[in-house]
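These notes concern the structure reproduced below.
Residue numbers (the working numbering), protein chains in the order written: chain H, 1 to 356; chain D, 1001 to 1122.
Written as structure tokens, this is what we have:
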């Protein structure tokens, strides 16, 4: 497929550009991540966070996070503001249920991102009873490929058990996320069939960007041809309509826009999405580098930070340099995902350029 | 030619209609559906003492909770008009034995309180 957007797609992109600019002006917070722990029960090859099996950093007390929630509550519609626990591995915290109930008492729906290792039937029931609304399980291919990436010989079996549990419940939404790399790319079609057979309805595919441990492992990075083939695979799978498959949020994809996702590309970081990180830092998505942090809950009022700061997220002209300076797709892309910029603000990956 | 322009514009607008729907791309799928909170207490009909360790199961799903030492329980579940709960003593004779009981709740609010008395087995 030619990567340059067609005339029809450009009309859509132009209209969406106006919507995006209006959205930036409004910057309504509708997703708040809480990096509730840096502890993790796995040691994944591609991990971009600062997590460790034994983190020397203590988990933030629930009360400190709830103070942030109380700061934002008068200014948002709680029913339309999703709180997402992430880590590390969020399930290593034993008090998620306490936090979940507190959130739900204030009207906030909440969910979590997990590797599934610690999602026992008992824990799942306890989370459901505390109002769990949404969950994402990482599942990176068949046993060998998954365990290789996750660095634990039990991780595949546990993730699969977690997914099987989820197939039996009706009152939450959930999906499976797969990081495609050189070890699992050739199995994508067979893996798709396996997921359908298992009862998975929603599936997201990510490619791995070279940050953290991922930067040190060449097996994790796809060639441009492989990357394009993944987009083609997603596009074809969506046409089949047997499983709802999407490419992750990152990256403007030219003519693949609307073909591999339900919506046009946009980076919602700092526009609709914020994070409270493990040390109290206020950021947008948890995967964005720390030089883009906007404040800290222990020294700043979260809502003031959300309203008065976040300028680099809402005015992206600073990114209109280097490879982006002369790119004709700038008006639609505005410098790709915020998490793809390094400490100096330089863009590390351009998805549009990667498409063959 | 006029027809083609109209067709293209229509297609373009259709294409963007879904763009109004925000979807979190990193993180979890978004779900803003509202739940109902069911809270209550289970006691013995014979002695009025709290019944601990009673398993409370929701009829149409795999969800369940247990009562605590004071016989209290609470859980969130999907909104619906009626909810059938089953109260079951599953820890044999450890804390006396109770007869299984089903209750049908009519859900009219976001929060429902339910107090249950279980008959003890002879």
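Ideal Cβ positions, reconstructed from N, Cα and C, are used throughout, including at glycine.
Item                                                                                                                                                                           : Value
Are the C-beta atoms of residue 125/H and some chain D residue less than 8 Å apart?                                                                                            : yes
Between residue 109/H and chain D, is any beta-carbon pair separated by less than 8 Å?                                                                                         : yes
For the candidate residues 157/H, 144/H, 105/H, 132/H, whose alpha-carbon lies nearest to that of residue 117/H?                                                               : 157/H
Examine the Cβ distances between the stretch 39-49 of chain H and the stretch 246-262 of chain H and report whether three or more of them are shorter than 8 Å.                : no
At a Cβ cut of 8 Å, what residues of the stretch 1102-1116 of chain D count as close to chain H, listed as they run along the chain?                                           : none
Short of 7 Å Cβ to Cβ, which residues in the stretch 13-35 of chain H face chain D?                                                                                            : 15, 16, 19, 30, 31, 33
Just checking, does the stretch 1027-1044 of chain D make contact with the stretch 299-306 of chain H on the three C-beta pairs under 8 Å criterion?                           : no
Mind pulling the beta strand (DSSP E) runs of 3 or more residues that sit fully within the stretch 240-286 of chain H?                                                         : 244-247, 273-276, 281-283
Just the C-alpha distance for residue 1090/D and residue 1054/D, rounded to the nearest angstrom, thanks.                                                                      : 7 Å
Determine the burial state of residue 354/H: buried for a count of at least 16 other Cβ atoms within 10 Å of its Cβ, exposed for fewer.                                        : buried
To the nearest angstrom, how far is the alpha carbon of residue 141/H from that of residue 1120/D?                                                                             : 52 Å
Any C-beta of chain H within less than 8 Å: which residues of the stretch 1066-1096 of chain D qualify?                                                                        : 1074, 1075, 1076, 1077, 1078
Any beta-carbon of chain D closer than 8 Å to the one on residue 133/H?                                                                                                        : yes
According to DSSP, is residue 179/H part of a helix, a strand, or is it coil?                                                                                                  : strand
Whole angstroms are fine: how far does the CA of residue 106/H sit from the CA of residue 272/H?                                                                               : 20 Å
What separation, rounded to the nearest whole angstrom, lies between the Cα atoms of residue 255/H and residue 356/H?                                                          : 12 Å
Grab me the residues of residue 188/H's own chain with a C-beta within less than 6 Å of its C-beta, minus the 5 sequence neighbours each way, in chain order.                  : 233
Measure the C-alpha to C-alpha separation of residue 77/H and residue 289/H and round it to an integer number of angstroms.                                                    : 29 Å
For the beta strand (DSSP E) containing residue 68/H, name the first residue and the last one.                                                                                 : Taken as a continuous stretch (DSSP letters only), residue 68/H belongs to no beta strand (DSSP E), being part of the alpha helix (DSSP H) at 62-72.
If you drop the 5 nearest sequence neighbours on each side, which residues of the same chain put their C-beta closer than 6 Å to that of residue 27/H?                         : 271
Does residue 51/H come within less than 8 Å of chain D when only Cβ atoms are used?                                                                                            : Because the pLDDT at residue 51/H is just 47, under 50, the model does not fix this residue reliably, and the point stays unresolved.
Indicate whether the contact test is met: 3 or more Cβ pairs, each with one atom in the stretch 220-239 of chain H and one in the stretch 185-203 of chain H, closer than 8 Å. : yes
I'd like to check one pair, residue 66/H with residue 14/H: are the Cβ atoms closer than 8 Å?                                                                                  : no
Check the Cβ of residue 217/H against every Cβ in chain D and list those closer than 9 Å, keeping chain order.                                                                 : Near residue 217/H there are no residues of chain D at all, since even the closest Cβ is about 21 Å away, more than 9 Å.
Is there a Cβ of chain D sitting closer than 8 Å to that of residue 119/H, yes or no?                                                                                          : no
Once you ignore the five residues that flank residue 121/H on each side, which residues in its own chain have a CB closer than 8 Å to its CB?                                  : 165
Per the contact definition of three or more C-beta pairs closer than 8 Å, is the stretch 137-155 of chain H in contact with the stretch 169-184 of chain H?                    : yes
Looking at C-beta atoms only, is the number of pairs between the stretch 1106-1114 of chain D and the stretch 1038-1045 of chain D that lie closer than 8 Å three or more?     : yes
Using the DSSP secondary-structure output, state which residues sit across from residue 1050/D in a beta bridge.                                                               : 1043/D
Roughly how many angstroms lie between the CA atoms of residue 80/H and residue 1102/D, to the nearest whole one?                                                              : 35 Å
Output yes if chain D places a C-beta closer than 8 Å to the C-beta of residue 345/H; else output no.                                                                          : no
For residue 28/H, which three-state DSSP category applies?                                                                                                                     : coil
Can you tell me whether DSSP reads residue 56/H as helix, strand or coil?                                                                                                      : coil
According to a CB-to-CB cut-off of less than 7 Å, which residues of the stretch 195-211 of chain H neighbour chain D?                                                          : 202
Note the first and the last residue of the continuous beta strand (DSSP E) segment covering residue 205/H.                                                                     : 202-207
Considering just the uninterrupted stretch of the alpha helix (DSSP H) at residue 82/H, what are its terminal residues?                                                        : No alpha helix (DSSP H) contains residue 82/H, which is instead part of the beta strand (DSSP E) from 82-86.
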